[in-house]
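Below is one structure, written out as structure tokens; comments come after it.
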């Protein structure tokens, strides 16, 4: 019985997380440069990649 209750609890948590749809904008971050040509995420930081320089976006 406990497994069923825990299963229902976790399914309810997962369903609330899945409300965001593909393509939904979750957060807007300003870039330090005028024309970012690529963005990279290393798991902790978001990097703005430009041919002549690199800068971490905090």
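Numbering (full-length UniProt numbering), first residue to last: 1 to 58.
Quick reminder that beta carbons are idealized off the backbone N, C-alpha and C, glycines included.
Small disclaimer: the values here were computed from a predicted structure and weren't measured.
Distance, residue j Cα to residue i Cα
i          : j          : result
residue 26 : residue 34 : 22 Å
residue 24 : residue 12 : 21 Å
residue 37 : residue 3  : 49 Å
residue 40 : residue 47 : 5 Å
residue 49 : residue 30 : 14 Å
residue 6  : residue 28 : 35 Å
residue 43 : residue 21 : 21 Å
Buried versus exposed, by CB contacts within 10 Å (16 or more), residue i
i          : result
residue 45 : exposed
DSSP beta-bridge partners of residue i
i          : result
residue 39 : 48
Check: residue i C-beta below 8 Å from any heavy atom of the ligand ZN
i          : result
residue 37 : In terms of ligand content, the structure shown is empty, and the ligand ZN therefore cannot be addressed.
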